[in-house]
Every structure is written in C-alpha cells, then in structure tokens.
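If you count the sequence shown from 1, position 179 lands on 179 in UniProt numbering, and the numbers rise without skipping. For glycine and all other residues, C-beta sits at the position ideal for the given N, C-alpha and C. Remember, it's a predicted structure, so these values are computed and weren't measured experimentally. The block underneath contains the structure these notes are about, expressed in structure tokens.
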Amino acid sequence: MVLVMGRPGGGELGAVVGVLREWQREGAVAQLHPGDVGWFWRFGAEAVGGAVRVWRRGGRVLAVGLLDGERLLRLATAPEVRRDEAVARRLAEDLSRPERGVLGEGRACVEAPGDALVQELLAEEGWGTDEPWTPLRRELGEPVEEPGVRIEVTGPGRAHVRAAVQRAAFDNSTFTEARWRAMAAGPPYDDARCLVAHDERGAAVAAVTVWSAGPGRPGLLEPMGVHREHRGRGFGRAIALAAAAALRDLGASSAFVCTPSAHRAAVATYVSAGFRPLPEVRDRRRDG
C-alpha cells in the first residue's frame, strides 16, 4: 500500500496525540512528543491542525510531523517502521520537494529520530546538519529530592503569573494568559502541569511545563526558564527538580529535555538536577 500524507481532519487531533503517546518508549531514541504538540497548542486548535502532517498506510498512522514555524518540521515515526525503506523514501521525498506542500523553497530543517532511515536518505538528497543539541534524561524510579523553594501548580486563576515568568525568561516570548488557556484546553494538557517557583519573598522566579505521555513512558520538560532578574541563584536547578518530581507523580518513567549544546549554563543546570547528558543530536538542514 502507498504511504499517503495529509492533515488531520476535524476531531482527529486528539487521536494523533494518542498515537504519539503510544510511540514514546523508555530506552528508545527520543522523537516528537505529545508535549511538543501540547506546547504548540498555545496558538489554538486551528493552528495545530494547520501545522500537523500525518502519513498513513492503509488508514494507519505511521508518521506524524509538526511544522514548528515555516522552516522546521519535527518528525516522529512508529517505532517498527523507523528503518522501513518504503516509508523512509516517501518521507524523504515529501520533505525534500516543495511542491509536496510540507516545507517550502529555501532553507529548512527536519528534526527526526537519530536512528531513523529517513536521516540517511535526506543526506543523500543533499541535506546537511544543523547546530548540535544536547538531550538530557533523568530516571524516575526513585523519589526526587526537594527543590528547596516553594512550588506552585498553575491553575486558571494564576495563569497570568506563569505567563509573566515565561516572558521574563525568554526575550522574544509572546506567551500570555490567553495562550496559557488555549494550551490548557488542548488534549495533551490532560497529562501536563505548569509549575512556578517562588523565592523567599514570594516573587515568581522560574517556571516549567511538564508533559506526561502516560504511565511508564518518558515525560518531557517544554519549556523551562528562569526570570532574567533572578538568575545565578539556583532557581533553574530547583524548578528542574520540581519538574522531575511532578512527572514522577504523573507516572512517567523518566524526565527528558533537549537544549542547544551552545547553552552550556542550561546543560549544567540540568546536570545539577540529576539529568544525564546523552549523545548530541543535530537536525537535518537544507540551505537552499
């Protein structure tokens, strides 16, 4: 049967998120997580529907992509077809040819599992590699140490606080209370929590959103940030510990995060919170 690409129809997004949950496996190479789609949901369900691509064979979903902006596709595949040549060739063709309607002309990037055959086929199509990222993982079999600061779980009445910390942590952030509400209304947030850390005076100093994929599966931190006026005081470690503890409470087997390798302070923060660096990964990049 031919692999067919399309967009999810109305009401199908929840099913796509469910498929992504099933594909998360402990010990496997990390790939697009339900939490990645959940974080994108801050732009609303219509935007998610326009950004998601699915590849089906015989009606079964075998690959899911999320257009995270105009030039980056984040790709996941069913574990059993990751080295399937027919699937990989169709994916590589769809991603390399602008007329297929996935990525346009010019520079583009594809984030795909490192052991997927599509990585090699994109290289054959002339795709190079982008800047390195460092994945980090913390096992959650044992209880997580206390963060040492007060941690608040964000509800609708405190969404403005969570949004304000996000904007203070990332210079170009457009996160708002309204976008938090849109995110929280999406099906991925059923297995998620937003946490805010407060200092001894009660100021909100750091925040994180954690996403579970279900009991016994890896959970994701996306995003995590420390208020620019409160950096260098250990709040990054504290919120990372709180994130790991929250994912353990949600039944996750491990906590996973990925950060640009050039952000050495971020890597060091996660390591200080018990996360173990894994081998670097790189997106596939086409320059023209």
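- Would you kindly check if the distance between the Cβ of V64 and the Cβ of V48 is under 7 Å? Residue mapping note: residue 48 aligns to position 48 of the sequence shown, counting from 1. Residue mapping note: residue 64 aligns to position 64 of the sequence shown, counting from 1. Their beta carbons are not under 7 Å apart, which means V48 does not touch V64 by this criterion.
Just the C-alpha distance for E145 and L241, rounded to the nearest angstrom, thanks. Counting from one through the sequence shown, the residue named residue 145 turns up at place 145. Counting from one through the sequence shown, the residue named residue 241 turns up at place 241. Taking the straight line joining both Cα atoms gives about 7 Å.
| Among the residues of its own chain, which have a CB less than 8 Å from the CB of L136, if the five just before and after it don't count? | Here residue 136 refers to the residue found at position 136 when the sequence shown is read from its first residue. Here the set comprises F256, V257, C258, T259, V267, Y270, V271, F275, R276, P277, L278.
What would DSSP say about F235, mapped onto helix, strand or coil? Counted from its first residue, the sequence shown places residue 235 at position 235. Note: F235 maps to helix in three-state DSSP.
Assuming residue 308 and E125 are in contact, meaning their beta carbons sit under 8 Å apart, how far apart are those beta carbons, in whole angstroms? Lying outside 1 to 288, the shown extent of the chain, residue 308 is not represented and no answer is given.
Let me check understanding here. Comparing Cα to Cα, which of A15, R60, D199, A78 lies closest to residue 297?
Since the first residue shown for the chain is 1 and the last is 288, residue 297 is missing from the structure and cannot be characterised.
What residues are listed by DSSP as bridge partners for H198?
In the sequence shown, the residue the question calls residue 198 occupies position 198. R150, A204, per the DSSP bridge assignment.
Item to complete: Could you pull the start and end residues of the beta strand (DSSP E) that G49 belongs to?
Response: On the sequence shown, residue 49 is found 49 positions in, with the first residue counted as 1. Here G49 belongs to no beta strand (DSSP E); instead the alpha helix (DSSP H) covers 45-51.
Candidates V29, V52, A169, of which the one nearest F40 by Cα:
The sequence position of residue 40 within the sequence shown is 40, counting from 1. When only C-alpha atoms are compared, the closest one is V52.
ask   = What are the start and end residues of the alpha helix (DSSP H) that includes T269?
value = Translated into positions along the sequence shown, residue 269 becomes position 269. Per DSSP, T269 belongs to the alpha helix (DSSP H) from 264-272.
**Asked** So what does S254 bridge to, in DSSP terms?
**Response** As a working mapping, residue 254 is identified with position 254 in the sequence shown. Its beta-bridge partners are E139, P218.
Q. In angstroms, rounded to a whole number, what distance separates the CA positions of G104 and D36?
A. Taking the sequence shown and counting its residues from 1, the one referred to as residue 104 is at position 104. Taking the sequence shown and counting its residues from 1, the one referred to as residue 36 is at position 36. Spanning the two alpha carbons is a distance of roughly 22 Å.
Exercise for review: Could you pull the start and end residues of the alpha helix (DSSP H) that L72 belongs to?
Suggested key: By one-based count along the sequence shown, residue 72 stands at place 72. Segment 72-77 is the beta strand (DSSP E) holding L72; no alpha helix (DSSP H) there.
>> Excluding the 5 residues flanking A246 on each side, which residues of the same chain have their C-beta closer than 7 Å to its C-beta?
In response: Counted from its first residue, the sequence shown places residue 246 at position 246. For A246, where only same-chain residues beyond five positions count, the Cβ hits under 7 Å are R193, L195, V210.
**Q.** 8 Å CB neighbourhood of residue 307 in its chain, flanking five on each side removed
**A.** A query on residue 307 cannot be resolved here, the shown segment of the chain reaching from 1 to 288 and no further.
Task: Sequence-distant residues of its chain with Cβ nearer than 7 Å to G114 (five each side left out) - done: One-based indexing of the sequence shown puts residue 114 at position 114. So the list reads V29, V281, once near-sequence residues are dropped.
For V165, three-class secondary structure by DSSP = By one-based count along the sequence shown, residue 165 stands at place 165. Correct three-state label for V165: helix.
- Query: DSSP three-state call for D36: helix, strand or coil?
  - Reply: Here residue 36 is taken as the residue at index 36 of the sequence shown, counted from 1. Reduced to three states, the DSSP call for D36 is helix.
Item to complete: Note the first and the last residue of the continuous alpha helix (DSSP H) segment covering V17.
Response: In the sequence shown, residue 17 corresponds to position 17, counting from 1. From DSSP, the alpha helix (DSSP H) with V17 extends over 13-23.
Handout entry: Helix, strand or coil at A192 [DSSP, three-state]
Key = Locating residue 192 in the sequence shown gives position 192, counting from the first residue. Note: A192 maps to strand in three-state DSSP.
Report the residue from E46, N172, L250 whose alpha carbon sits nearest the alpha carbon of G9.
Here the question's residue 9 lines up with position 9 in the sequence shown. Considering only alpha carbons, the answer is E46.
Item checked: Short Cβ contact (7 Å threshold) for L66 with C109 -> The residue labelled residue 66 in the question sits at position 66 within the sequence shown. The residue labelled residue 109 in the question sits at position 109 within the sequence shown. Not in contact: L66 and C109 (Cβ atoms no closer than 7 Å).
| request: Report all residues from its chain with a CB closer than 6 Å to the CB of V205; omit the five preceding and five following residues, and keep chain order. | output: As a first step, residue 205 is located in the sequence shown; it is residue number 205 there, counting from the start. The answer, listed in chain order, is A197, D199, H227, H230, F235.
Q: Would you decide whether E222 is buried or exposed? Buried here means 16 or more other CB atoms lie within 10 Å of its CB.
A: As a first step, residue 222 must be located in the sequence shown, where it is residue number 222. That one is buried.
Problem set entry | Separation of F43 from L167, as counted between CA atoms | Here residue 167 refers to the residue found at position 167 of the sequence shown. Here residue 43 refers to the residue found at position 43 of the sequence shown. First, the amino acid is wrong: residue 167 is Arg here, not Leu. Rounded to the nearest angstrom, the two C-alpha atoms are 16 Å apart.
Element boundaries [alpha helix (DSSP H), containing L278]:
As a working mapping, residue 278 is identified with position 278 in the sequence shown. Here L278 belongs to no alpha helix (DSSP H), and DSSP marks it neither H nor E.
Length of the line joining the Cα atoms of A178 and A163: What you label residue 178 is simply residue 178 of the sequence shown in a count that begins at 1. What you label residue 163 is simply residue 163 of the sequence shown in a count that begins at 1. Distance between the alpha carbons of A178 and A163 is about 9 Å.
Taking the alpha carbon of H33 as the point to measure from, which residue in V87, D191, R7, P98 has its own alpha carbon closest? Position 33 of the sequence shown, counting from 1, holds the residue named residue 33. Considering only alpha carbons, the answer is D191.
_Span separating the alpha-carbon of P215 from that of A203_ = In the sequence shown, the residue the question calls residue 215 occupies position 215. In the sequence shown, the residue the question calls residue 203 occupies position 203. Going by the C-alpha atoms only, they are around 33 Å apart.
* Asked: Shortest alpha-carbon distance to D249 belongs to which of A86, R89, V102, E142?
  -> The sequence position of residue 249 within the sequence shown is 249, counting from 1. Checked all of A86, R89, V102, E142; the closest Cα to D249 is E142.
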